[in-house]
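If you want the numbering used here, it's the position in the sequence shown, counting the first as 1, plus 2.
Glycine is no exception: its CB is placed at the ideal position from the N, C-alpha and C atoms.
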Amino acid sequence: MRRVTGTFIIIGLLSIIMGVLYPAYADENVQKDRYFPDFQGDTDMKAAEYPRSFSKRGIQYGGWIMPVIMDQRNDSESLTTGMIAARLWIKSYLWSNSYIYLRGKNIFLGVMNQEGYGLDPYSNVVDLDVGFIEISNGQHSLTFTVGRKFFLLGSGLVMDGRADGIEFSFRTGYINGMFFGAYTGFILKDDNPYGMSDKDMSEGARRVLAGGTLSTEFYNQTFYVLGMVQVDFGMEYEDLKSRYDSYYYGAGINGVLFARLFYYAEFDYEMGKSILAGTARRKNIYACAGVFNAYYYFDMLLNPVIIAQYAFGSGDSSRDNYHSPTGNYEANDTGFIYFGTFNGGFALRPLLANLHIIRFGFALSPFDWSDSSYFKRMTLVFKYSYYMKHRASAAINYGNDALRNNRDVGHGFDFSVRWRIYHDLAAFVNYGLFVPGEAFSPSESNRHFLMAGTTINF
Numbered sequence: 003m004r005r006v007t008g009t010f011i012i013i014g015l016l017s018i019i020m021g022v023l024y025p026a027y028a029d030e031n032v033q034k035d036r037y038f039p040d041f042q043g044d045t046d047m048k049a050a051e052y053p054r055s056f057s058k059r060g061i062q063y064g065g066w067i068m069p070v071i072m073d074q075r076n077d078s079e080s081l082t083t084g085m086i087a088a089r090l091w092i093k094s095y096l097w098s099n100s101y102i103y104l105r106g107k108n109i110f111l112g113v114m115n116q117e118g119y120g121l122d123p124y125s126n127v128v129d130l131d132v133g134f135i136e137i138s139n140g141q142h143s144l145t146f147t148v149g150r151k152f153f154l155l156g157s158g159l160v161m162d163g164r165a166d167g168i169e170f171s172f173r174t175g176y177i178n179g180m181f182f183g184a185y186t187g188f189i190l191k192d193d194n195p196y197g198m199s200d201k202d203m204s205e206g207a208r209r210v211l212a213g214g215t216l217s218t219e220f221y222n223q224t225f226y227v228l229g230m231v232q233v234d235f236g237m238e239y240e241d242l243k244s245r246y247d248s249y250y251y252g253a254g255i256n257g258v259l260f261a262r263l264f265y266y267a268e269f270d271y272e273m274g275k276s277i278l279a280g281t282a283r284r285k286n287i288y289a290c291a292g293v294f295n296a297y298y299y300f301d302m303l304l305n306p307v308i309i310a311q312y313a314f315g316s317g318d319s320s321r322d323n324y325h326s327p328t329g330n331y332e333a334n335d336t337g338f339i340y341f342g343t344f345n346g347g348f349a350l351r352p353l354l355a356n357l358h359i360i361r362f363g364f365a366l367s368p369f370d371w372s373d374s375s376y377f378k379r380m381t382l383v384f385k386y387s388y389y390m391k392h393r394a395s396a397a398i399n400y401g402n403d404a405l406r407n408n409r410d411v412g413h414g415f416d417f418s419v420r421w422r423i424y425h426d427l428a429a430f431v432n433y434g435l436f437v438p439g440e441a442f443s444p445s446e447s448n449r450h451f452l453m454a455g456t457t458i459n460f
């Protein structure tokens, strides 16, 4: 694999880890894995399913620890890391339907072996992970939240991440809505996933995000529209401008058809201003992305599920990096850049830009027939992915992948084992293989990714 900076590698690995923080099991897997990645938004309250508590409506507390081993390699480079993520949380009711929730975290990442990367031997981040106050009325038709929390728009592609801000949501018999405003500058720079420029990475990403969704439900279907504006207040070098301002419009629909077929689809359009590389000139952004996912459940032994997914992110023939505010070198910018989550395969870990991704797979519970509840909670998931460029002449990811003028990016194979052994103990193994296509140099070798770990709730 071509060399990627250590920061992006660590961010990429941690984003995958967050995707499997709460392994899914049997039919429950597909109900939650409605779209890829496996879990969207904040899953912190799932740790509260078995809380220690001083009183039923008083103080609850708990936490979890997750040790993980990760290995990625090809013929010329290898990286083996170990991570221990620990989180402690406390929840206290203020009055009826209103509470305060605090969660701290410590994430230690150590490099056990590396060849061709040059990363620091270890890093340790201690931060306030989440901390907010939520106030609801008696029917939970009105909810107001303020503090540090996860903000999610639609599928989570445009926005899915934690920040400091406020959120207001309402539910009526016809229309539901959510609106939020958030700031990312108070998150530690070593723990801030919104960084794009060099200054963002060294000083901390300072972005204001505001938006919301409106949705309506009909005949087991949910249709929604979304919008978000992102304004960059990050620091800049005097002779190098780097602010990236964008706004997004989107629409999506999800529901159940024919009792056993679940589907999900979303389309997003991006506009705004980006800096033309090496200048102070700002160019218009015209980009788009879309996702479609379908799952069919079979009511039979082993609970098999068939999975079909498609994702698209527009590219730009003159852009060489889809995570850089200055990656565009000519004319208007048509490369899609987002502030949410997308996981398109363990080994390639593609950004959803300048790509078409077609995925097929299945999930099953291999011991569904067993009388043992321990074994029944194991799930196997397999997915095959085909990657094809949108603009043949442009690269993908951070400008270091698929450099040849060819649309054939390659093939991905992902296999996962998820096992909820007890209610407070789970284990998982993920393996990914990426086979390069014609868009890569003939000397490019296969990429392998392996991750194994456990989650212990207490």
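Query, Result
"Rounded C-alpha distance that separates residue 321 from residue 143", "45 Å"
"Nearest-angstrom Cα separation, counted from residue 313 out to residue 357", "8 Å"
"As assigned by DSSP and simplified to three states, the class of residue 243", "coil"
"Buried versus exposed call for residue 236 [16 or more other C-beta atoms within 10 Å across all chains shown]", "buried"
"Cβ-Cβ distance between residue 181 and residue 214 below 7 Å", "yes"
"Cross-strand partners of residue 191 (DSSP beta bridge)", "Answer by DSSP bridge pairing: none, since residue 191 is not bridged."
"Cβ-Cβ distance between residue 390 and residue 409 below 7 Å", "yes"
"Residue 80 versus residue 267: straight-line alpha-carbon distance, rounded", "37 Å"
"Backbone CA spacing between residue 70 and residue 333 [nearest angstrom]", "44 Å"
"Proximal residues to residue 383 (C-beta, below 6 Å), its chain only, five neighbours per side dropped", "365, 418"
"contact_flag[the stretch 189–206, the stretch 238–246] where n(CB pairs < 8 Å) is 3 or more", "yes"
"Proximity of residue 346 and residue 359 at Cβ, strictly below 7 Å", "yes"
"Given residue 335 as reference, the closest of 272, 385, 388 once Cα atoms are compared", "272"
"Distance, residue 211 Cα to residue 293 Cα", "22 Å"
"For residue 375, the first and last residue of its enclosing alpha helix (DSSP H)", "375–378"
"Residue 217 in three-state terms, based on DSSP", "strand"
"Span separating the alpha-carbon of residue 86 from that of residue 110", "5 Å"
"Residues bridged to residue 438 (per DSSP)", "412"
"Closest Cα partner of residue 306 within the set 329, 208, 441, 367", "367"
"Simplified DSSP state of residue 203, which is helix, strand or coil", "helix"
"Residue 129 versus residue 107 - alpha carbon distance", "6 Å"
"Beta-carbon contacts of residue 340 that lie in its chain and below 6 Å, excluding the five residues immediately before and after", "159, 160"
"Residue 434 vs residue 451 beta-carbon contact at 7 Å", "yes"
"Range of the contiguous beta strand (DSSP E) that encloses residue 94", "80–97"
"Burial state of residue 427 (16 or more Cβ within 10 Å)", "exposed"
"For residue 444, the three-state DSSP class (helix, strand or coil)", "coil"
"Cut-off 7 Å between Cβ atoms - residues of its own chain near residue 404, not counting five sequence neighbours on either side", "391, 397, 398, 411, 441, 442"
"Environment of residue 353 [buried if 16+ CB atoms lie within 10 Å]", "buried"
"Cβ distance (whole Å) where residue 257 is taken to contact residue 265 below 8 Å", "7 Å"
"Length-filtered (4 minimum) alpha helix (DSSP H) runs lying within the stretch 347–411", "375–378"
"Burial state of residue 26 (16 or more Cβ within 10 Å)", "Because the pLDDT at residue 26 is just 31, under 50, the model does not fix this residue reliably, and the value given afterwards should be weighed accordingly. Label assigned to residue 26: buried."
"Coarse secondary structure for residue 24, derived from DSSP in three states", "A caution first: residue 24 carries a pLDDT of 35, below 50, which makes its placement in the model too unreliable to give a value."
"Own chain, CB closer than 7 Å to residue 6, minus 5 neighbours either side, in chain order", "Residue placement at residue 6 cannot be trusted, given a pLDDT of 45 that sits under 50; what the coordinates show is reported in the next sentence. For residue 6, where only same-chain residues beyond five positions count, the Cβ hits under 7 Å are 400, 402."
"Local conformation of residue 268 per DSSP, three classes", "strand"
"Length of the line joining the Cα atoms of residue 165 and residue 179", "20 Å"
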